[in-house]
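Colleague:
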Amino acid sequence: MKNLLYYIVGLLALVVLQPSSAVASSHREAPLISNDPLADNTDVYAFKSPANPDNIVLIANYIPFEHPAGGPNWYSFGEHVRYEIHVDNNAGTPGGDIIYRFMFKQENQDPTTFFNIRLGKENLKTTYTCERSMDGGRTFQMIISNGIVPPPNIGPRSIENKTVGLGAANYNQLVEKSIMTASTGEKVFAGPVDDPFFVDLGIFDLGAVRADNPRDAVAKFNCHSIVIEVPVSTLQKDHKSLAEARNILDANYVIGVYASASRQMIKTLYNGGDVGYDGGWKQVSRLGMPLTNEAIIPIGMKDRWNATLPTNDLQFAQYFSNPELALYMDDSQFGGAVPGLAPLRIQTKSLGTFDFRNGKPGLFPLKGNAALDGTALSEANFGGILLPDNKSPRAVDLLPIFYTGVPNIPPYQLATGKPAGNPLAAGKPFINNFLPSLGDWLRLNMAVPATPRNDPKFSSLGLVQAAALGLTDPMYNATKDLQFIPNMDGFPNGRRLEDDVTTIELQAVGGVVLAAIGLWYDDYTVGGNPVTAQLGNVLGFKAGPVKNDTTLKAVFPYEQNPWRGFRGPSYEGKKIDVPTPPSTAFAVKVLRFACTNGDIEFATDNAAAGRTVEYSAAGVTPWTTNPRQRVEQELFWDNNSSGVLNIKARYVGDPGSEVSMQYDFRKQCSQARIAYESPEKVSPFSVTVLGNPTTNDRVTVEVKGVAGQTMQMGLANSQGQIMTQQTFQATGDVEQRSMKLGRQPGIYFIKVSTPTDSRTIKLLRQ
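All the letters of the sequence shown, read from the start, carry residue numbers -24 to -1, 1 to 742 under mature numbering (1 follows the signal peptide of the UniProt record, and there is no 0).
See below:
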């Protein structure tokens, strides 16, 4: 630690004494890159795989605002752009330790036509190579030599038509065929997707936040995505598996991620339309933390930021220690001129003393005080970075979030368990993504479990919501011991596709992190309730839309298929400002229903020829192309339920075509169904561990009331670390499964989930 500290202080001295030379959501965020969309890095995501707890998902998206009907030359990865995803797992080495490099090339299979797809052939057909470096870019190994990029989702004649098009069953089939497995084991996808980012760009009209009537500016637009799912052990610096982590905040499992695009220095235009490229490669776009270059770096420095490597980022530190956005959350500056940000007001006298407005001292008056001993703010630790002077108040919270990550030492623990008025005391741990490389990286602690997407406490507010639960929820605020809190895996500890990063970052500038660790808002009085009106204003603030405009996939590649350019016989393009209503000619109906057992068969009217339809209904089935299903027995026999099913249908790969109808099966069957006695009564859902407590290393788990359902069974230790997980299909009403426990005696938790319910059982191994 001491050597690392000297290294960091040395870097700070270089920045202070010498002039530095230059070597997010981020759609068209800088002047130069706005004219080079193929190299424009729009978003980066890094999160624990929701389908496999031993894997990490890395996503780099490019090419902003792709109109689905943008033909006849649709968007594609650039042939002369070098796309890279960088992973840092060691703060002692400069730059990325692991690099994934992608290069794309295109081929015209039928250059005699102006159509992109015709008669089974594809023009501008794109393939790629992927190389991997495990030594910081000194050497590279080819791990995919002929990767497939699916074509643009043009329309039904191009994709599904067997005579004039590609003859695919649906667009999703092309996506599935494009999922590659690298020679080193990673799962990889590269191709067009729905842009999962969501934001109301009205905020760039001098802060015009429309919280009550937001407009998602990227709704119905596509982008191009590189998705990699990779084992934790590949990314961990010592190649340790997740099972070897000491706890769910193990500092040895922190990584930093950023993506980049580079071009060669010389471009030559020749007669006849030929273009030549030569010279060394130069970075033209990069992205780690979302919105950095869009909303923190000033316009005069944006192009420089894109060309700078994270190892040279200290030249921009002033914009994080005194962010411009803070001026619009400060009534002594321009707060009154931006009413959309009125719920966000920075602490001016936290605990009666500390002022965090731009240019104010923040916590600097404590510098050198013995009260800082043992904290991250002491001179023996990182006081030189976090308390640099008496005019950089946000170096104590915003700067570490973006430049170093946040350590699991005071004061960076929740106020839960701290004495009133003492934010420097030890509190409840909730984050440790400390990787002090002093640059803009999206940092993720890979030891933190994933929050199930069907967990009622899952939130797009990420770590802000985890902090709120740790402060206010009796399940988590009764002790300051380390335990898993839902959404500890959310931004800024990594970034999930669902995370509302715009709201979270504005809340952070508004001081929510300071409040979480006990530097409360001005309306708090010591000894009173810290959940004050101002904290409520901040937690209730919304910057715009709170979720994507369509669904996400539960499995790789997780992002939804791209929006279709044209939609059937009318070839009506997707409208961009509002979702296009489905055609009234396409409708879903119930063909037959069995009042004796709940068998149901769906059908449609006027479905387009050659297009595959899928169905969904709560209490019946998730999306499936099989029209014959059965109402869940517990719902079917429950006379207290309404009996109304909301049945949906849509074309596969085309969420915008969705239609629905209400079907009342009780009304259909009248009293006949109610009077009918089931020959096999279905048990209510329950979970029992046979033999609890136990001295054995294996137990039997009995689950009732799950006939025909998909079940997920997981085992966690007392720290909340998931040790094993299995998914299977229940064949009968009662299922018994064997589960292996850990080696050590103690408390374990077994959680059993179905698509509609879950139970957690506490188990003691003696």
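Yeah, the Cβ is synthetic: ideal placement off N, Cα and C, and Gly gets one too.
1) Which same chain residues, not among the five before or five after residue 411, have their C-beta less than 6 Å away from its C-beta?
2) Measure the CB-CB distance between residue 514 and residue 486 and report whether it falls below 7 Å.
3) Residue 227 and residue 408: beta carbons closer than 7 Å?
4) Would you decide whether residue 253 is buried or exposed? Buried here means 16 or more other CB atoms lie within 10 Å of its CB.
5) Where residue 115 and residue 109 are concerned, what is the direct C-alpha to C-alpha distance, given to the nearest angstrom?
6) How about residue 471: is its C-beta nearer than 7 Å to some C-beta of chain B?
7) According to DSSP, residue 292 sits in a beta bridge with which residue or residues?
8) Hey, is the segment 467 to 483 in contact with the segment 429 to 440, meaning 3+ C-beta pairs nearer than 8 Å?
9) If you draw a straight line from the alpha carbon of residue 653 to that of residue 689, how long is it in whole angstroms?
10) Quick check: the Cα distance between residue 753 and residue 78, rounded to an integer number of angstroms?
11) If you reduce the DSSP assignment to three classes, tell me which class residue 388 lands in.
12) Once you ignore the five residues that flank residue 742 on each side, which residues in its own chain have a CB closer than 8 Å to its CB?
13) Does the segment 165 to 172 come close enough to the segment 147 to 157 to have 3 or more Cβ pairs within less than 8 Å?
14) In angstroms with no decimal places, state the Cα-to-Cα distance between residue 625 and residue 210.
15) Shortest alpha-carbon distance to residue 492 belongs to which of 173, 394 and 520?
16) Give me the Cβ distance between residue 414 and residue 404, rounded to the nearest whole Å; I'm assuming they're in contact under 8 Å.
17) Please list, in chain order, all residues of the same chain as residue 256 whose beta carbon is under 6 Å from its beta carbon, the five residues on each side excluded.
18) Give me the Cα-Cα distance between residue 522 and residue 105, rounded to the nearest whole angstrom.
19) Quick check on the DSSP output: the beta strand (DSSP E) that includes residue 496 runs from which residue to which?
20) Nearest CA to the CA of residue 717: which residue from 500, 738, 640 and 73?
21) Just the Cα atoms here: how many angstroms apart are residue 719 and residue 431?
22) Throw me the rounded Cβ distance for the residue 191 and residue 176 pair, which I believe falls under 8 Å.
23) What number of angstroms, rounded off, separates the C-alpha of residue 143 from the C-alpha of residue 189?
24) Take residue 319 as the anchor and find which of 284, 194 and 512 has the nearest alpha-carbon.
25) Suppose you measure from the CA of residue 713 to the CA of residue 702; what does that come to, to the nearest Å?
26) Among 97, 328 and 332, which has the Cα closest to the Cα of residue 374?
27) Just list the residues that DSSP pairs residue 199 with in beta bridges.
28) Hey, how far is the Cα of residue 317 from the Cα of residue 681?
29) Please list, in chain order, all residues of the same chain as residue 337 whose beta carbon is under 6 Å from its beta carbon, the five residues on each side excluded.
30) So, under 8 Å CB-CB, residue 573 and residue 606 are touching, yes? Tell me the CB distance rounded to an integer number of Å.
31) Tell me the DSSP secondary structure of residue 631 in three-state form.
32) Take the Cβ of residue 271 as the centre, count every other Cβ of all protein chains shown within 10 Å, and call the residue buried at 16 or more, exposed below.
33) Which residues mark the beginning and the end of the beta strand (DSSP E) in which residue 103 is found?
34) Run through the segment 190 to 249 for me and flag every whole alpha helix (DSSP H) of 4 or more residues, listed as ranges in chain order.
35) To the nearest angstrom, how far is the alpha carbon of residue 651 from that of residue 596?
36) In the structure shown, what three-state DSSP assignment does residue 358 receive?
Modeller: Judging by the given coordinates:
1) Along the sequence shown, one-based indexing puts residue 411 at 435. The beta carbon of residue 411 lies closer than 6 Å to those of 67, 230, 232, 381 and 419 in the same chain, with the five residues before and after it left out.
2) Taking the sequence shown and counting its residues from 1, the one referred to as residue 514 is at position 538. Taking the sequence shown and counting its residues from 1, the one referred to as residue 486 is at position 510. For residue 514 and residue 486, yes; Cβs fall inside 7 Å.
3) One-based indexing of the sequence shown puts residue 227 at position 251. One-based indexing of the sequence shown puts residue 408 at position 432. It is a contact, given that the beta carbons lie within the stated cut-off.
4) Locating residue 253 in the sequence shown gives position 277, counting from the first residue. Counting of Cβ neighbours within 10 angstroms places residue 253 among the exposed residues, the total staying below 16.
5) Residue 115 sits at position 139 when you count from the first residue of the sequence shown. Residue 109 sits at position 133 when you count from the first residue of the sequence shown. Cα-Cα distance, rounded: 6 Å.
6) Absent from the structure: chain B. Only one protein chain is present.
7) Here the question's residue 292 lines up with position 316 in the sequence shown. Residue 292 is not bridged to any residue.
8) Output reads yes: the segment 429 to 440 touches the segment 467 to 483.
9) Along the sequence shown, read from residue 1 onward, the residue named residue 653 stands at position 677. Along the sequence shown, read from residue 1 onward, the residue named residue 689 stands at position 713. Low local confidence applies: a pLDDT of 33 at residue 653 is under 50, so the model's placement there is unreliable, with the coordinate-based value given in what follows. Their Cα atoms are separated by approximately 32 Å.
10) An answer regarding residue 753 cannot be provided, because it is not within the stretch -24 to 742 covered by the chain.
11) Counting from 1 along the sequence shown, the entry for residue 388 is found at position 412. Reduced to three states, the DSSP call for residue 388 is coil.
12) Working through the sequence shown from its first residue, we reach residue 742 at position 766. Around residue 742, the same chain offers 669, 670, 671 and 721 as residues with beta carbons nearer than 8 Å, after the five sequence neighbours per side are excluded.
13) In the pairwise beta carbon analysis, the segment 165 to 172 is classified as touching the segment 147 to 157: at least three pairs are separated by under 8 Å.
14) For this step, residue 625 is matched to residue 649 along the sequence shown. For this step, residue 210 is matched to residue 234 along the sequence shown. The alpha-carbon of residue 625 is positioned some 41 Å away from that of residue 210.
15) For the purposes of this step, residue 492 is identified with residue 516 of the sequence shown, where counting begins at 1. If you compare the alpha carbons of 173, 394 and 520 with that of residue 492, the shortest gap goes to 394.
16) Position 438 of the sequence shown, counting from 1, holds the residue named residue 414. Position 428 of the sequence shown, counting from 1, holds the residue named residue 404. Not really, about 28 Å apart at Cβ, beyond 8 Å.
17) Taking the first residue of the sequence shown as 1, we reach residue 256 at position 280. For residue 256, the CB contacts under 6 Å within the same chain, skipping 5 residues up- and downstream, are 241 in chain order.
18) What you label residue 522 is simply residue 546 of the sequence shown in a count that begins at 1. What you label residue 105 is simply residue 129 of the sequence shown in a count that begins at 1. Going from the Cα of residue 522 to the Cα of residue 105 covers about 36 Å.
19) As a position in the sequence shown, residue 496 is number 520, starting the count at 1. Looking at the DSSP string, residue 496 is not in any beta strand (DSSP E), and its letter there is neither H nor E.
20) Position 741 of the sequence shown, counted from the start, is the residue given in the question as residue 717. Of the candidates 500, 738, 640 and 73, the one whose C-alpha sits nearest the C-alpha of residue 717 is 738.
21) Taking the first residue of the sequence shown as position 1, residue 719 is located at position 743. Taking the first residue of the sequence shown as position 1, residue 431 is located at position 455. If you draw a straight line from the Cα of residue 719 to the Cα of residue 431, it comes to about 28 Å.
22) If you number the sequence shown from 1, residue 191 lands on position 215. If you number the sequence shown from 1, residue 176 lands on position 200. Right, their Cβ atoms sit about 5 Å apart.
23) Here residue 143 corresponds to residue number 167 of the sequence shown, with the count starting at 1. Here residue 189 corresponds to residue number 213 of the sequence shown, with the count starting at 1. Take the alpha-carbon of residue 143 and the one of residue 189: they are about 42 Å apart.
24) Taking the sequence shown and counting its residues from 1, one reaches residue 319 at position 343. Checking every option, the nearest Cα to that of residue 319 belongs to 512.
25) As a working mapping, residue 713 is identified with position 737 in the sequence shown. As a working mapping, residue 702 is identified with position 726 in the sequence shown. The C-alpha of residue 702 is placed about 10 Å away from the C-alpha of residue 713.
26) Taking the sequence shown and counting its residues from 1, one reaches residue 374 at position 398. Considering only alpha carbons, the answer is 332.
27) Working through the sequence shown from its first residue, we reach residue 199 at position 223. 169, per the DSSP bridge assignment.
28) Sequence index remark: in the sequence shown, residue 317 carries index 341 (1-based). Sequence index remark: in the sequence shown, residue 681 carries index 705 (1-based). Straight-line Cα distance between these residues: approximately 50 Å.
29) Counting from one through the sequence shown, the residue named residue 337 turns up at place 361. Cβ neighbours of residue 337 within its own chain (closer than 6 Å, five residues either side excluded): 366.
30) The sequence position of residue 573 within the sequence shown is 597, counting from 1. The sequence position of residue 606 within the sequence shown is 630, counting from 1. Contact flag correct, Cβ pair sits at about 7 Å.
31) In the sequence shown, residue 631 corresponds to position 655, counting from 1. If DSSP states are grouped into helix, strand and coil, residue 631 belongs with the strands.
32) To locate residue 271, count along the sequence shown from 1; it is residue 295. Buried, since its Cβ has 16 or more Cβ neighbours within 10 Å.
33) Against the sequence shown, residue 103 aligns to sequence position 127. Counting along the chain, the beta strand (DSSP E) containing residue 103 begins and ends at 101 to 109.
34) DSSP assignment within the segment 190 to 249 yields the following whole alpha helix (DSSP H) runs of 4 residues or more, N-terminal first: 208 to 211.
35) Sequence index remark: in the sequence shown, residue 651 carries index 675 (1-based). Sequence index remark: in the sequence shown, residue 596 carries index 620 (1-based). Its pLDDT being 32, under 50, residue 651 is placed unreliably in this model, and the coordinates cannot settle the point.
36) If you number the sequence shown from 1, residue 358 lands on position 382. In the structure shown, the three-state DSSP call for residue 358 is coil.
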